[in-house]
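Comments concern the structure below.
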Amino acid sequence: MTASQTHRTAEEIGRTPVGPRELPPLGEQRSASPPEHVDAEIGNGLRVLAVRKPGSPMAELRMAIPFASDDPMHPATAEVLADTIATGTRRRDRVAMDTDLALIGGDLGVAVDPEHLSVSASALASGLPTLLDVLADILTEATYADHEVELEAARLVERLAVARTQPRVIAREALQRQRYGDHPYTREMPRPEDVEQVTPEAVRALHPAAVLPRGSVLVLVGDIDPQTAVTEVERALDGWRSDVVARELPELPDLTGGDLVLVPRAGAVQSQLRLSAQSLPRTAERYPAAQLANLTFGGYFSSRLMENIREDKGYTYGAHSGFEFTRGKATVQVDADTASDVTAAALLETRYELGRLGLVPPTDSEVETVRQYATGSMLIGAASQAGLANQLIGLTAVGLGLDWLLGHPERLAAVTTEQVAEAALEIFAPVRFTGVVVGDADVLGPQLEALGGVRVADPES
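Residue numbering for the sequence shown follows the numbering used here, beginning at 630 and increasing consecutively.
Here is the structure:
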């Protein structure tokens, strides 16, 4: 017998004389045992969640400080603050801070958005006291030296000038204006001209007024003793105190469906479709059903939307739908980038799939597939220390915690096909969506006008 006669291809292995070989059933999903953890509020009002997760000699730290403001200059000042808070303190200059972190295998980064000032750091678990000391230093002793502020502000102006030419940034800003008008949540990226006006004095004044422990959350995950870690956090951050509560973002209004807005981008050869509707927050009893409905529609590669406008029609390289959570609310977003000549057709098919999800609801097989995908993705995401820390900071920022995460596989397992169908019909109905199309109005205008439900943006808006 020759080698070619003994070797079978994957297709041959997967088939029998009567058809495809039946796959074995998936094993029963076992409940996760709660890891050792402590979830407590320390003396300065900071919530600390410490979770023991061995397997790596590291510790991951995440912090979220509510950082909202109505001041039109706040986004620019906040961005400069985030870029310069770790450039020097009264005890450490930039080099000393970097050296201390390097000696414990650590790093630390700071970012800001309309809701939070966020700190992300990691280090060897044995170096946690040093990491916390550096953190306490920037929270209480950041100096914002004039030359550091001016240098970082100049760099930020250059980055913003480039970013604001990107189609995805233009589409995001247009969608935010369409959804929420002038609400502070829409100010995700400052204007370069505002950054140019930020002074070191303004940054130094913002820090004590807004970098506050009360209402903030710190998550620690790693090869640590949780109770000891919380004690170390309390000791290190004892000097970070204020009677003022960190400022939360004002509540967002619920979205209502309506026309999409065509945002002209002359000469563009590609268009951006961005649709959005009100959804259910994680705290809602029906959220698991909504999550499975979203996955079926466009939440993963084998979704209905991807099968239609990518695999079948070839209109886009990728289409996606997903949730965006803000405090006690949530929205669902649908996005796709397409060539200009097929934009209207892609929008038509997207609306068709939205309607079909409710009128031709997911089958038992579809629901079981996305259920396994949702559960597996969540478990894989939480398998690493960094992944678990990232999941927990997102949950704690909206008042949830480890218990919610551990209990979610059971909630997903309990969802019925009928409940997914009900969520699909309610949440994904086409009339509930609003949004934008960004592209060349001369090319898109006649097609979208014929399609209906799209109006051209006011040039003054």
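Where a beta carbon is used, it is the ideal one built from N, C-alpha and C, also for glycine. All figures in this text were calculated on a predicted structure; none of them were measured in a lab.
Asked	Found
Where Tyr929 falls: helix, strand or coil (DSSP)	coil
8 Å Cβ shell around His836 - same chain, five flanking residues per side excluded	Leu710, Ile714, Ala771 and Tyr773
Minimum C-alpha distance to Ser1006 - residue among Arg980, His1037, Leu1029 and Gly868	His1037
CB contact flag (Met692, Leu847, <8 Å)	yes
Distance CB(Gly1064)-CB(Leu891) smaller than 8 Å	no
Distance between Ala1086 and Ala975 (C-alpha atoms, nearest Å)	20 Å
Nearest-angstrom Cβ-Cβ length linking Ser900 and Leu884, presumed shorter than 8 Å	22 Å between Cβ atoms; not a contact.
The segment 874-889 / the segment 858-866 touching (three or more Cβ pairs under 8 Å)	no
Residues sharing a beta bridge with Gly738, DSSP	Ser749
Contact check, Leu753 vs Pro686, beta carbons under 8 Å	yes
Assigned secondary structure, Asp811 (DSSP; H/G/I helix, E/B strand, else coil)	coil
The segment 991-999 in contact with the segment 1038-1054 per 3-pair CB rule at 8 Å	yes
Every unbroken beta strand (DSSP E) within the segment 660-745, with a cutoff of 3 residues, ordered by chain	666-670, 676-681, 687-695 and 736-741
Alpha-carbon to alpha-carbon, Ala792 and Glu953	22 Å
Leu1024 vs Gly1030 beta-carbon contact at 8 Å	yes
Rounded C-alpha distance that separates Phe1057 from Leu983	6 Å
Beta strand (DSSP E) segment containing Gln901, residue limits	Gln899 to Gln907
The beta strand (DSSP E) enclosing Tyr946, as first and last residue numbers	Thr945 to Thr955
Cβ pair Val859, Val677 closer than 8 Å	yes
Given Arg1084 as reference, the closest of Pro893, Val898 and Phe926 once Cα atoms are compared	Pro893
Exposure of Val850, with buried meaning 16 or more beta-carbon neighbours within 10 Å	buried
Given Leu1054 as reference, the closest of Leu921, Arg788 and Glu817 once Cα atoms are compared	Leu921
Those residues which DSSP pairs with Leu849 across a bridge	Ala679 and Leu690
For Gly756, three-class secondary structure by DSSP	helix
Supposed contact pair Ile733 and Thr706 - C-beta distance, whole angstroms, cut 8 Å	Between Ile733 and Thr706 the Cβ distance is about 31 Å, and since that is not below 8 Å, they are no contact.
Residue environment, Pro855, which counts as buried when at least 16 other CB atoms sit within 10 Å	buried
Runs of alpha helix (DSSP H) lying entirely within the segment 982-1063, each at least 4 residues, in chain order	993-1010, 1014-1025, 1031-1043 and 1046-1056
Whether Ala697 touches Glu817 by CB criterion (8 Å)	no
Cα-Cα separation, Leu909 to Ile767	37 Å
Inter-residue Cα distance where the pair is Gln1020 and Leu1008	11 Å
Val763 beta carbon less than 8 Å from that of Leu789	no
C-alpha distance - Ala1052 paired with Ala1079, whole-angstrom precision	31 Å
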